[in-house]
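Novice: Let me give you the structure first, and then I'll get to my questions.
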Ligand code: SF4
Ligand code: SF4
Ligand code: SF4
Ligand code: SF4
Ligand code: FES
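Residue numbers (the numbering used here), protein chains in the order written: chain A, 1 to 911; chain L, 1001 to 1171.
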């Protein structure tokens, strides 16, 4: 959006109002709190003028009494504009538009999953259309099977083009389009099949009707009004998108987007939206288990027993170490650190990854480039991505980068006089023009569609990055690049320098410290004078940054302590060590460890080996704080109480610490105690107190209800077990209540449990929660940024990084990790819908390398790397860089290996 | 004085009026069909479950005594996996019946629901589902809504045209 916001005075029903002059009339009126019905306009997708529902009367001047009907979404706001929303003719016009949009509607709300949160229902009520007068037969469509995520029911469509505008124009998808003409318009794929875009789930929220609905939700369908909801944060990558999980009858039913203008905005990725079903997994750890004793029921006796066992283990003669987790909350990690002592707290992360995480954090802290938010990314006008396949490691960053790629061309169009909200005009004028986006990666990434991509080994990527940095800083190129990369470096440097808001993206998942340093150098070089370059570093997991901010020893040091016999007990927090260590090393560790205590919710190899397994709550059943890649601390709240016998990790750990007689833990009884203790011990983390109001917060003496006012079945849900109604469970850790009673109205933004306003049952109600359409939530977006680097470059700055640390130097073939949006992340693969889309693991090889190694396509090859043997079919493709082989990070792939690393390869069998 | 005598006279005159009470349980009143008594779930003319598990009765219920869970059979027909009414809470207001788009849930003229144990007032689907159509014979939701079930295609049956040909270029 243009930076300077000029204001205009518009007259609605004769009364003057202040509005932004850079927007359209519909947007302005909605911002002012007026209700105008609409379909095809979407705050992130702009206006199309397709549905004709947003009609209002416009008057030429004060004297004009007749006026004329205009589409408010296509009308620019100009000073002195006079309109009427309530005009009888405008009303009648809107009602008839709705009537003809409904002429062929199947009228099947009772079995439509959109019912109760349907924008079409809301608009029908708002316009007052009640009776279908059309006497002829309904036009029908054949619906399609679009894969495991999205259900398709084409007869409900009202032809607003939102789906294809999102899917094609916004998210860059190619396999959804509009077909046919006139009233035969059809929105779908050219044939049945899985939607290819990793953002397909957003169709569910973008489509104002029940054409696209959530297929995973369908299998345990519940109406929106019956879902207990709470503000939450996605746990499936480091971006920390804000979500609204919904629960009913003790199981998690779905995930919806929670608007945050600085982070995810209106959209989520499919991993975040559909990965939730791990919470309902039948194999989940729900009972405490003592090796050799089987599992026990979660009653008080068991709790006492667990506390005793854990206390013995910690206080006993064998020292205990704690292994933290990058997917557990700050509070849980801190509680573990309190339990075992800071000196015995280790990061539960592979060593290379941990070194890189610490390095990345150091870079972010050091500045002067600012850690970019996703909102900053969306507004960048030149981007360099170094060595990170963001589509697969931080999916929504891909979506943000696609907006950045259009930023320059869109701004040019806007400068030439077309307003940016005029979506179809802008799209027509921009055509395929893309701003400068450069990607260096080991293999072809999805961003290649909008970027110039270089397929390079990590080492080459780092050299390219340094060359770019040197050129920007005006220094001579080191001259260690082949000529075509040398000229590319010059091109990239020029493009970044010419930009107003340049951005450099890199990440820990790529696995190379030199690449990180190169990215840092480029971002530093760009941040001179007034211009601030953005720097976005992707981290591997939802709380990798939080764990690094707490600080911990490396996993290797912790393991060594046990292997040397110095420590005998390991307390493992929400972690599968078989994902962190090669299987052999993990086996040896558990063989040596006298007592391994695991707190987790998902079942995995470590749970098989642990002596004592303690059932921990998932994100849906606990609260805590996660720090995302931007350094933003965000609080998530429980949607429902944990199942019987299950407790939050931090609560178990605090109880263990008290049972073990640790004095530091005496005062740690609830979440706020932990938050205050963390803030006191780590000044850098003090901001987490402001991430959300404390448990004592009340609105006029009331808590914020998790259930809607219409929540049903209060006196019958539990009647089967006991007809007497007990009191609802208490929540002492948060200002939210497990109840439909509580403060009505809009709570502070970190506590918004759902978007709903009277008359606005659908997700469109988010308009009512914003300070201006598309702006921040009314009292600011949730979350607190913890890392604000110094503004100036530190003296003695040089763009050269140490070159020696480039990993994988040495003998043998270099294996690099290839991440997958579905498959690489530990929790989401336990959701059946996600699991069904995990691709078959293959080893990626460049044709030249394949010839050199004598490997043919489809051959089964055996890799020997880090003492492990891996057998995979080979895929020979020019989409891989020369000089490295890509190993999928997925089950039966590179899990547990610390890639990039060198190793041996040999053919086992020809196909 | 006179008014007292008049009252006594009036009271005693009732001895000779027609009785309104009946000797329940030997004798019973003939209740109108619209009497709001025990709640049933009915079936459509073809014998299929009428309830499509839309949750509207549950949300309409002012005391929240209806709980259910939607499920879908292999043919895409919706039905309640469980359906529970806690009659010890029900106030027989009939709002659930008003809300029901399929005429599945109906209040019927049966009031004999006394129990010694309150737990027995909790009715599950097997206690609620009857074999007939109840008060609304002939109504079939699937015949009027654009939803396909076995024997009735969504596209091109009844009220609908056959699916459009997407490749047609005709105006
Ligand atoms: S799309 Fe909306 S109006 Fe149409 S059937 Fe579904 S809920 Fe009803
Ligand atoms: S499918 Fe949905 S989003 Fe697409 S045109 Fe139809 S109603 Fe609009
Ligand atoms: S991008 Fe990451 S945080 Fe956002 S929804 Fe996807 S997995 Fe979750
Ligand atoms: S309103 Fe009718 S169709 Fe809907 S759930 Fe209740 S009984 Fe079933
Ligand atoms: S919202 Fe204005 S025409 Fe559709």
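For each residue, glycine too, the CB sits at the ideal point set by N, CA and C.
As the structure is a prediction and not an experimental result, all values here were calculated from the model.
Give me the chain A residues within the contact set of residue 1121 (chain L), using Cβ-Cβ distance strictly less than 9 Å, ordered along the chain.
Specialist: Residue 1121 (chain L) sits at position 121 when you count from the first residue of the second chain. In chain order: 719, 723.
Novice: Report the three-state DSSP secondary structure of residue 71 (chain A) (helix, strand or coil).
Specialist: Position 71 of the first chain, counting from 1, holds the residue named residue 71 (chain A). In the structure shown, residue 71 (chain A) sits in a strand (DSSP, three-state: E or B).
Novice: Which residues, in chain order, sit with a beta-carbon under 7 Å away from any heavy atom of ligand 5?
Specialist: A:26, A:38, A:39, A:40, A:41, A:47, A:48, A:49, A:50, A:51, A:52, A:53, A:54, A:71, A:72, A:73, A:74, A:160
Novice: May I have the straight-line CA-CA distance separating residue 776 (chain A) from residue 770 (chain A), to the nearest angstrom?
Specialist: Residue mapping note: residue 776 (chain A) aligns to position 776 of the first chain, counting from 1. Residue mapping note: residue 770 (chain A) aligns to position 770 of the first chain, counting from 1. Between residue 776 (chain A) and residue 770 (chain A), the alpha-carbon positions lie close to 6 Å from each other.
Novice: Can you find a CB in chain A that lies within less than 8 Å of the CB of residue 1147 (chain L)?
Specialist: Residue numbering aside, residue 1147 (chain L) sits at position 147 when the second chain is read from its first letter. Cβ-Cβ to chain A under 8 Å: yes for residue 1147 (chain L).
Novice: Could I get the ranges of all uninterrupted beta strand (DSSP E) runs contained in the segment 1040 to 1109 of chain L, with 3 residues as the minimum, in chain order?
Specialist: 1066 to 1072, 1078 to 1086, 1105 to 1107
Novice: How about residue 81 (chain A) and residue 11 (chain A): do their beta carbons lie closer than 8 Å?
Specialist: Taking the first residue of the first chain as position 1, residue 81 (chain A) is located at position 81. Taking the first residue of the first chain as position 1, residue 11 (chain A) is located at position 11. Less than 8 Å separates the beta-carbon of residue 81 (chain A) from that of residue 11 (chain A).
Novice: With a threshold of 8 Å on Cβ separation, who are the neighbours of residue 913 (chain A) within its own chain once the five nearest residues in sequence on each side are excluded?
Specialist: The requested residue 913 (chain A) is not part of the displayed model; chain A covers only 1 to 911.
Novice: Measure the CB-CB distance between residue 514 (chain A) and residue 462 (chain A) and report whether it falls below 8 Å.
Specialist: Residue numbering aside, residue 514 (chain A) sits at position 514 when the first chain is read from its first letter. Residue numbering aside, residue 462 (chain A) sits at position 462 when the first chain is read from its first letter. Annotated as proximal: residue 514 (chain A) and residue 462 (chain A), with beta-carbon spacing under 8 Å.
Novice: Is there a Cβ from chain L that is less than 8 Å from the Cβ of residue 761 (chain A)?
Specialist: Locating residue 761 (chain A) in the first chain gives position 761, where the first residue counts as 1. With 8 Å as the cut-off, residue 761 (chain A) does not count as an interface residue toward chain L.
Novice: What's the gap between the Cα of residue 693 (chain A) and the Cα of residue 687 (chain A)?
Specialist: Your numbering for residue 693 (chain A) matches position 693 in the first chain. Your numbering for residue 687 (chain A) matches position 687 in the first chain. Those two C-alpha atoms are separated by around 12 Å.
Novice: Could you list which residues in chain L have their beta carbon closer than 7 Å to that of residue 898 (chain A), in chain order?
Specialist: Indexing the first chain from 1 puts residue 898 (chain A) at position 898. What residue 898 (chain A) touches in chain L: nothing, since even the nearest Cβ is about 46 Å away.
Novice: Just to confirm, does residue 1045 (chain L) get its C-beta within under 7 Å of one of the non-hydrogen atoms of ligand 4?
Specialist: Position 45 of the second chain, counted from the start, is the residue given in the question as residue 1045 (chain L). Residue 1045 (chain L): no, Cβ never under 7 Å from ligand 4.
Novice: Could you tell me whether the Cβ of residue 1056 (chain L) comes closer than 8 Å to any Cβ of chain A?
Specialist: By 1-based counting over the second chain, the position of residue 1056 (chain L) is 56. Yes, its Cβ sits closer than 8 Å to a Cβ of chain A.
Novice: Counting only runs that start and end within the segment 439 to 485 of chain A, where is the alpha helix (DSSP H) found for 4 or more residues in a row?
Specialist: Fully enclosed alpha helix (DSSP H) runs of 4 or longer: 458 to 472.
Novice: What does the alpha-carbon distance come out to for the pair residue 236 (chain A) and residue 271 (chain A)?
Specialist: Sequence index remark: in the first chain, residue 236 (chain A) carries index 236 (1-based). Sequence index remark: in the first chain, residue 271 (chain A) carries index 271 (1-based). Going by the C-alpha atoms only, they are around 7 Å apart.
Novice: Please state whether DSSP places residue 218 (chain A) in a helix, a strand or coil.
Specialist: Residue numbering aside, residue 218 (chain A) sits at position 218 when the first chain is read from its first letter. The DSSP-derived three-state label of residue 218 (chain A) is helix.
Novice: DSSP three-state label for residue 662 (chain A), please.
Specialist: Within the first chain, numbered from 1, the residue matching residue 662 (chain A) stands at position 662. Looking at residue 662 (chain A) - three-state DSSP - the assignment turns out to be coil, as it is neither helix nor strand.
Novice: If residue 453 (chain A) sits next to residue 441 (chain A), beta carbons under 8 Å apart, how far is it from one beta carbon to the other, in whole angstroms?
Specialist: Along the first chain, one-based indexing puts residue 453 (chain A) at 453. Along the first chain, one-based indexing puts residue 441 (chain A) at 441. Right, their Cβ atoms sit about 7 Å apart.
Novice: Mapping the DSSP letters down to three states, classify residue 280 (chain A) as helix, strand or coil.
Specialist: Taking the first residue of the first chain as position 1, residue 280 (chain A) is located at position 280. If DSSP states are grouped into helix, strand and coil, residue 280 (chain A) belongs with the helices.
Novice: Going by DSSP, what residue range makes up the alpha helix (DSSP H) through residue 427 (chain A)?
Specialist: Within the first chain, residue 427 (chain A) is the residue found at index 427, counting from 1. Note, residue 427 (chain A): alpha helix (DSSP H), 423 to 430.
Novice: In the segment 1076 to 1093 of chain L, which residues sit with their C-beta less than 7 Å from some C-beta in chain A, listed in chain order?
Specialist: Taking a C-beta cut-off of 7 Å against chain A, the contacting residues of the segment 1076 to 1093 of chain L are 1078, 1084, 1085, 1086, 1088, 1089, listed in chain order.
Novice: Out of L:1146, L:1005, L:1107, state which residue places its alpha-carbon closest to the alpha-carbon of residue 1133 (chain L).
Specialist: Within the second chain, the letter at position 133 stands for residue 1133 (chain L). Of the listed residues, the one whose Cα sits closest to residue 1133 (chain L) is L:1107.
Novice: So, is the C-beta of residue 1168 (chain L) closer than 8 Å to a C-beta in chain A?
Specialist: For the purposes of this step, residue 1168 (chain L) is identified with residue 168 of the second chain, where counting begins at 1. So, interface residue.
Novice: Roughly how many angstroms lie between the CA atoms of residue 802 (chain A) and residue 532 (chain A), to the nearest whole one?
Specialist: Position 802 of the first chain holds residue 802 (chain A). Position 532 of the first chain holds residue 532 (chain A). Note that residue 802 (chain A) scores 45 on pLDDT, short of 50, meaning its location in the model is unreliable and no value can be drawn from it.
Novice: Residue 716 (chain A) versus chain L: which residues are under 8 Å apart at the beta carbon?
Specialist: By one-based count along the first chain, residue 716 (chain A) stands at place 716. Within 8 Å Cβ-Cβ: 1064, 1065, 1066, 1067, 1084, 1085, 1086, 1089, 1122.
Novice: Please name the residues in the segment 684 to 712 of chain A whose beta-carbon is closer than 9 Å to at least one beta-carbon of chain L, in chain order.
Specialist: Residues of the segment 684 to 712 of chain A with a Cβ closer than 9 Å to any Cβ of chain L, in chain order: 710, 711, 712.
Novice: Looking at residue 94 (chain A) and ligand 1, is the gap between the Cβ and the nearest heavy atom below 7 Å?
Specialist: Along the first chain, read from residue 1 onward, the residue named residue 94 (chain A) stands at position 94. Flag unset: Cβ of residue 94 (chain A) not near ligand 1.
Novice: I need the DSSP call for residue 820 (chain A), collapsed to helix, strand or coil.
Specialist: Translated into positions along the first chain, residue 820 (chain A) becomes position 820. Correct three-state label for residue 820 (chain A): coil.
Novice: For residue 729 (chain A) and chain L, any beta-carbon pair shorter than 8 Å?
Specialist: Locating residue 729 (chain A) in the first chain gives position 729, counting from the first residue. Chain L contact via Cβ: absent.
Novice: Is there contact here, the segment 725 to 735 of chain A with the segment 1119 to 1138 of chain L, by at least three beta-carbon pairs under 8 Å?
Specialist: With the cut-off at 8 Å, the segment 725 to 735 of chain A and the segment 1119 to 1138 of chain L do not touch.
Novice: Do residue 101 (chain A) and residue 36 (chain A) have their beta-carbon atoms positioned less than 8 Å apart in this structure?
Specialist: Numbered from 1 along the first chain, position 36 holds the residue referred to as residue 36 (chain A). Numbered from 1 along the first chain, position 101 holds the residue referred to as residue 101 (chain A). Not closer than 8 Å, so no.
Novice: Just grab the DSSP bridge partners of residue 749 (chain A) for me.
Specialist: Residue 749 (chain A) sits at position 749 when you count from the first residue of the first chain. None; residue 749 (chain A) has no bridge partner.
Novice: So what does DSSP say about residue 307 (chain A), is it helix, strand or coil?
Specialist: Against the first chain, residue 307 (chain A) aligns to sequence position 307. Three-state result, residue 307 (chain A): helix.
Novice: Among all residues, which have a Cβ less than 6 Å from at least one non-hydrogen atom of ligand 1, and in what chain order do they fall?
Specialist: A:105, A:108, A:109, A:112, A:114, A:115, A:118, A:120, A:121, A:156, A:209, A:210
Novice: List the DSSP bridge partners of residue 565 (chain A).
Specialist: Counting from one through the first chain, the residue named residue 565 (chain A) turns up at place 565. Residue 565 (chain A) is not bridged to any residue.
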